[in-house]
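Read the structure below first, then the notes.
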Amino acid sequence: MPISGFPEWMPPQRMIEQRVIDRARATFELYGYAPLETRSVEPIETLLSKGETSKEVYLLSRLQAEKAEEGQLGLHFDLTVPFARFVTENAGKLQFPFKRYQIQKVWRGERPQEGRYREFLQADIDVVNRGTLPFHYDTEMPLVIGDVLSGLPVPRARIQVNNRKVCEGFYRGLGLAQTDEVLRIIDKLDKIGPNAVKEQLVAKVGATEAQADTCLALADISSEDGSFVDAVRKLGVSDPLLDEGLEELLRVVETARDHAPGLVVAELKIARGLDYYTGTVYETQLEGYERFGSICSGGRYDNLATVGNESFPGVGISIGVSRMLGILFGQQALAVSRSVPTCVVVALPHEELRADCDRTAGALRRRGIPAEVAPTAAKFGKQIQYADKRGIPYVWFPGRDGEPDTVKDIRSGEQVEADAAAWEPPAADLHPVISGS
RNA sequence: GUGGUCGUAGCUCAGCUGGUAGAGCACCGGGUUGUGGUCCCGGGGGUCGCGGGUUCGAGUCCCGUCGAUCACCCCA
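So for the first sequence, the working numbering puts the first residue at 107; every next one is plus one.
Following this line, the structure appears as structure tokens:
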């Protein structure tokens with residue numbers, strides 16, 4: 107019986123997921139991020155310490171617990187909060203700036219939907235420093251993600267970037283003090299439309315119609331180059347924080363333009379990740395899958411981790427692996443060339459010959475070729491079907507009476523003499539191939 | 001967590017106003033004592049998500065529950 111929100115995928119899908127994990131890991135390491143795994147549980151105080159009360163946290167309890175135990179534990183709902191805790195706890199042993207990646211499951215008790223689960227996998231990178239963190243790390247995040255995704259057969263990714271300093275500074279310069287509330291209302295723009303947003307701005311934060319219109323004008327700005335800066339300036343609002351934010355956002359956009367044209371777009375209505383983000387925020391959509399929302403997001407957090415009066419600012423971004431794959435699987439947008447890793451099935455003429463066939467399979471494996479011996483000495487037709495149903499490309503036939511062995515490509519039907527100590531399949535056939543559509 | 005829609009064989013679905021289940025594909029066997037995918041013949045398989053209620057009788061009506069999905073919330 108399935109449990110809502112806790113998906114269990116079949117081997118082909120798991121193979122695809124593992125390929126994504128491999129790609130993420132390899133790319134993260136290319137950029138110098140070090141591997142880390144933190145425990146699955148944190149004290150609830152840690153999980154809720156940054157105003158994350160809205161997140162549905164799963165609590166952990168023992169079956170034999172007498173009553174409510176002190177020091178209640180909860181499963182982590184992201185990888186950033188546990189990481190911040192880890193950094194403060196181990197600050198003395200780490201070298202800063204500290205770059206690490208974590209690919210782990212996280213849990214949230216929200217209502218499941220397609221691409222939204224209660225247990226899901228995230229692939230996360232973060233950089234944390236002591237005191238202050240250089241801004242160029244904010245520009246690196248989208249590049250790493252672009253690198254991961256461009257190496258996978260998934261639709262093109264579009265990373266939307268904004269900077270909370272721009273919004274906050276703008277609203278403040280405009281004379282609206284409740285910047286958080288304004289942000290929250292603006293964030294609903296796509297859902298409730300400009301008119302409703304305007305009404306709420308007037309009603310909830312006491313904005314004048316002109317102020318509300320100006321906020322909407324800001325949210326409307328979007329560009330793949332630095333032209334958004336002028337567009338903002340034209341709105342005639344000035345504030346030091348706004349200037350700072352614009353400069354930062356410009357650096358992210360220009361760096362991306364230089365290294366990966368088309369990957370990043372400045373989108374001034376992006377406001378999510380309100381919780382602990384203080385500057386840059388990222389959100390990612392796959393082309394053609396915009397309606398499913400973001401599959402990768404993150405941002406800059408300057409105040410998440412502190413020890414005494416020392417702070418550890420950071421910036422990070424996280425790929426929702428389960429979310430992305432769940433969405434693509436749902437649209438049949440990903441496929442794998444076979445349902446098992448096996449490249450060669452060694453046919454078994456008689457059960458007495460199993461030992462010989464095992465040796466043949468062993469010779470193939472020793473050279474890195476995934477091979478298995480047929481389950482029973484059924485008719486060869488059945489043994490070929492065994493391979494065919496699984497998408498296994500080759501069947502190996504032991505030669506009789508001293509005749510040489512042969513190997514058959516069951517897709518083409520071509521069958522040639524072969525030596526298990528030397529034969530190699532084409533590189534493309536060695537392992538299952540993931541493809542998109 | 002709130003609300004809506006949906007839930008019949010492995011898959012896609014049919015089953016009129018309630019009278020105790022069907023098709024195609026898939027699967028298994030045979031035709032083809034051993035190199036498959038075509039074709040022909042035959043076969044297995046469903047407590048109609050689960051539980052309760054109304055009724056002489058429920059897949060078909062009502063309630064609950066579980067699951068999927070959509071919107072809200074929130075976010076990967």
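Note that beta-carbon positions come from the ideal geometry of N, C-alpha and C, so glycine has one too. Since the model is a prediction, treat every value here as computed from it, not as a measurement.
Using only CA atoms, which one of the options lies nearest to residue i?
{"i": "G414", "options": "L136, G237, E360", "result": "G237"}
{"i": "R496", "options": "R471, V442, D507, P532", "result": "V442"}
{"i": "D535", "options": "E143, P447, R168", "result": "P447"}
{"i": "I291", "options": "D462, K375, Q210", "result": "K375"}
{"i": "L185", "options": "P141, G399, I109", "result": "P141"}
{"i": "I425", "options": "M116, H537, A323, M247", "result": "M247"}
{"i": "Q317", "options": "G279, L348, D286, L347", "result": "G279"}
{"i": "P240", "options": "R444, L200, G420", "result": "G420"}
{"i": "L355", "options": "K271, R217, Q489, V254", "result": "K271"}
{"i": "R472", "options": "L434, G422, W529", "result": "W529"}
{"i": "G312", "options": "V335, K294, A325, Y277", "result": "Y277"}
{"i": "I423", "options": "Y407, P259, E416, S417", "result": "Y407"}
{"i": "M116", "options": "P218, I150, R444", "result": "R444"}
Do you know how far the Cα of residue j is from the Cα of residue i?
{"i": "V427", "j": "E123", "result": "8 angstroms"}
{"i": "N409", "j": "V450", "result": "55 angstroms"}
{"i": "G275", "j": "G385", "result": "11 angstroms"}
{"i": "A493", "j": "E195", "result": "52 angstroms"}
{"i": "R397", "j": "T390", "result": "12 angstroms"}
{"i": "Y569", "j": "S256", "result": "What is shown of the chain runs 107 to 543, which leaves residue 569 out entirely."}
{"i": "A197", "j": "P532", "result": "49 angstroms"}
{"i": "L352", "j": "G332", "result": "10 angstroms"}
{"i": "I265", "j": "Q119", "result": "25 angstroms"}
{"i": "P455", "j": "A483", "result": "6 angstroms"}
{"i": "G508", "j": "T144", "result": "57 angstroms"}
{"i": "E393", "j": "A480", "result": "43 angstroms"}
{"i": "T361", "j": "V267", "result": "12 angstroms"}
{"i": "L434", "j": "D511", "result": "42 angstroms"}
{"i": "V513", "j": "E520", "result": "8 angstroms"}
{"i": "V250", "j": "Y137", "result": "7 angstroms"}
{"i": "R460", "j": "P504", "result": "11 angstroms"}
{"i": "G436", "j": "H537", "result": "24 angstroms"}
Under DSSP, the beta strand (DSSP E) around residue i begins and ends at which residues?
{"i": "R206", "result": "204 to 213"}
{"i": "G368", "result": "Per DSSP, G368 belongs to no beta strand (DSSP E) and is neither H nor E."}
{"i": "F418", "result": "416 to 426"}
{"i": "V250", "result": "Careful: V250 lies outside any beta strand (DSSP E), inside the alpha helix (DSSP H) at 242 to 256."}
{"i": "I540", "result": "540 to 542"}
{"i": "A503", "result": "Contrary to the premise, residue 503 reads as Phe rather than Ala in this sequence. F503 -> beta strand (DSSP E) spans 500 to 503."}
Once you ignore the five residues that flank residue i on each side, which residues in its own chain have a CB closer than 6 angstroms to its CB?
{"i": "M430", "result": "I401"}
{"i": "A190", "result": "L410, A411"}
The alpha helix (DSSP H) with residue i in it runs from where to where?
{"i": "A130", "result": "117 to 136"}
{"i": "A323", "result": "315 to 325"}
{"i": "L295", "result": "295 to 311"}
{"i": "G468", "result": "460 to 472"}
Once DSSP output is grouped into helix, strand and coil, what is the label at residue i?
{"i": "I401", "result": "coil"}
{"i": "Q266", "result": "strand"}
{"i": "K485", "result": "coil"}
{"i": "T285", "result": "helix"}
{"i": "R222", "result": "strand"}
{"i": "I231", "result": "strand"}
{"i": "P141", "result": "strand"}
Might you give, ordered along the chain, the residues of its own chain that have their beta carbon closer than 8 angstroms to the beta carbon of residue i, omitting 5 neighbours on each side?
{"i": "V147", "result": "L166, L179, G180, L181, H182"}
{"i": "K304", "result": "E315, A318, D319, L322"}
Give every residue of the same chain whose Cβ lies closer than 7 angstroms to the Cβ of residue i, excluding the five residues on either side of it in the sequence, and list them in chain order.
{"i": "R517", "result": "P499"}
{"i": "V335", "result": "L352, L356"}
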